[in-house]
Amino acid sequence: MKSSIFIISILVSGAFSGLIYGGINLFVVEPFLDEAIGLENQHLFESGKAEDTPQFWIEYEGYRTWQKGGQIFASVILGIVFGSLFGIIFSLSKDSLPGNSFMKKSLILSGILWATIFLIPFLKYPSNPPTVGEEETIVLRTTLYLMFIGISGFGALGFYKISKKLFKNKRWFALLGFGAFIASIFILMPENPDKIFAPMELVNNFRIASALSLTCFWIILGFIHGLFWQKIDKKQ
Amino acid sequence: MSETRQINVSKNSVPKLALIALGLIFVAGLFLVGFDQGHVFSLVYGEQAFTDSFLHELTHDMRHAAGFPCH
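Respectively, the protein sequence lines represent chains Y and P. In our numbering, each number is its position in the first sequence, counted from 1, plus 6. In our numbering, each number is its position in the second sequence, counted from 1, plus 1.
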């Protein structure tokens, strides 16, 4: 297979998944973002840092429209980012993934990636709406979050390698080992240092919406990659 | 003396170069959408880029939605 064709196909399928994800976010997540930013505006008015004038709202609406467009753009890039990772792992592991078709293998891999690089880090560092999070701690929080994604992802890979060296009936030891490993990391990693002052109902609803839309993203990514590989298989 | 070699190539084998390119795209893209606080534009605009945080503001809603920490 030609490198250029493979790369372009992976990028296009990732971008398409990201575009759908961005569209889902507009309806599922954005209403909670607007609500949270509304609270921030309220604080600005109360503290005297901004004035509740028509001019403020004209500028605010323009800025939010720009940010919502940016959300779609950023989701396309995110689709390309995770699509690239997916493409690398799938092309290296497709022969050992369970399933009798590329579609099944692809969906199984998306499930594994959803669990290891989304769900596990999310349980430790759940997503938060605006109004939660101090500006001074952003580098620390981002580093912790990305570190946990890396540890979880590479940990899963390491224990998968170990499982390949074990006899078939003892492979569940590797899964148990990964469980113990990630549980220890979960306890050892520092907590998010920021306190939450926003209403918990808003925070929890936002987290549910965020988790739902990201889950949709991983399913869509797995499905589109499955279609891509099936097409390659038919052509060859 | 002639030597005959049999090479088995998987029909869906992927060139290593493509995997390296995808790896670079993954790292660079993740930095842009998940980490950048003005770092990229600071190469051109200097310290002002950290104040403007253009990429952070552009990707703001997606960062929140996808679980990336944000201010």
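The C-beta atom is built at its ideal place from N, Cα and C for all residues, glycine as well.
Exercise. How about Y:PHE154 and Y:LEU119: are their beta carbons less than 8 Å apart?
Worked result: Cβ atoms of Y:PHE154 and Y:LEU119: not closer than 8 Å.
Exercise. Taking the continuous alpha helix (DSSP H) assigned at Y:TYR131, which residues delimit it?
Worked result: Premise fails: Y:TYR131 is in no alpha helix (DSSP H) and is neither H nor E.
Problem set entry | Length of the line joining the Cα atoms of Y:SER10 and Y:ILE225 | If you draw a straight line from the Cα of Y:SER10 to the Cα of Y:ILE225, it is about 26 Å long.
Exercise. Using a beta-carbon distance below 8 Å, is P:GLY39 in contact with chain Y?
Worked result: By this cut-off, P:GLY39 is not an interface position.
For this session: Output the residue ranges of the alpha helix (DSSP H) runs that lie fully inside the stretch 66 to 147 of chain Y and measure 4 residues or longer, sorted by chain position.
Result: Taking only runs of at least 4 residues, the alpha helix (DSSP H) segments lying wholly in the stretch 66 to 147 of chain Y are 108 to 119 and 126 to 130.
Exercise. Taking Cβ positions only, does P:PHE69 come closer than 8 Å to chain Y?
Worked result: At a cut-off of 8 Å between beta-carbon atoms, P:PHE69 makes contact with chain Y.
Exercise. By Cβ distance, which residues of its chain are closer than 6 Å to Y:PHE223, with the 5 residues on each side in sequence left out?
Worked result: Within the same chain, Y:PHE223 has close Cβ partners TYR27.
Exercise. Cα separation between P:SER11 and Y:ILE64?
Worked result: Any answer about P:SER11 is weak, because its pLDDT of 48 lies below 50 and its placement is not dependable; what the coordinates show is given next. It is roughly 59 Å from the alpha-carbon of P:SER11 to the alpha-carbon of Y:ILE64.
Exercise. Under three-state DSSP, which class holds P:ASP53?
Worked result: For P:ASP53, the secondary structure class from DSSP, reduced to helix, strand or coil, is helix.
For this session: State yes or no: is the beta carbon of P:GLY35 nearer than 8 Å to at least one beta carbon in chain Y?
Result: At least one chain Y Cβ lies under 8 Å of P:GLY35.
Exercise. Does Y:GLU141 have its Cβ less than 8 Å from a Cβ in chain P?
Worked result: Taking 8 Å as the threshold, the shortest C-beta distance from Y:GLU141 to chain P falls below it.
For this session: Compare the beta carbon distance of P:PHE69 and Y:THR148 with 8 Å and say whether it is the shorter of the two.
Result: For P:PHE69 and Y:THR148, yes; Cβs fall inside 8 Å.
Exercise. Taking DSSP as the reference, what is the three-state secondary structure of P:PRO70?
Worked result: Residue state, collapsed to three classes: coil.
Problem set entry | Helix, strand or coil at Y:PRO37 according to DSSP, with G and I counted as helix | Here Y:PRO37 sits in helix by DSSP.
For this session: Alpha carbon to alpha carbon, how far is Y:GLY105 from Y:LYS171? Give it in angstroms, no decimals.
Result: Straight-line Cα distance between these residues: approximately 21 Å.
Problem set entry | Burial state of Y:PHE203 (16 or more Cβ within 10 Å) | Looking at its Cβ environment, which holds fewer than 16 other Cβ atoms inside 10 Å, Y:PHE203 is exposed.
Exercise. P:THR52 versus chain Y: which residues are under 7 Å apart at the beta carbon?
Worked result: None at all; the shortest Cβ gap to chain Y is about 12 Å.
Problem set entry | Local conformation of P:SER11 per DSSP, three classes | Since pLDDT at P:SER11 reaches only 48, below the 50 mark, its modelled position is unreliable, and the value read off the structure follows with that caveat. Correct three-state label for P:SER11: coil.
Exercise. Roughly how many angstroms lie between the CA atoms of P:SER14 and Y:THR71, to the nearest whole one?
Worked result: Distance between the alpha carbons of P:SER14 and Y:THR71: 44 Å.
Exercise. For a contact meaning CB atoms closer than 7 Å, what does P:PHE27 contact in chain Y?
Worked result: VAL87, SER90 and LEU91, listed in chain order.
For this session: Please go through the stretch 140 to 210 of chain Y and give each complete alpha helix (DSSP H) segment of 4 or more residues, from N-terminal end onward.
Result: Counting whole runs of 4 or more residues, the stretch 140 to 210 of chain Y contains the alpha helix (DSSP H) stretches 144 to 171 and 178 to 194.
Problem set entry | Interface residues of chain Y facing P:GLU48 [CB-CB closer than 8 Å] | Within chain Y, no residue comes near P:GLU48; the closest Cβ sits about 16 Å away, beyond 8 Å.
For this session: Step through the CB atoms of chain P and report whether any lies within less than 8 Å of the CB of Y:GLY161.
Result: Y:GLY161 does not count as touching chain P.
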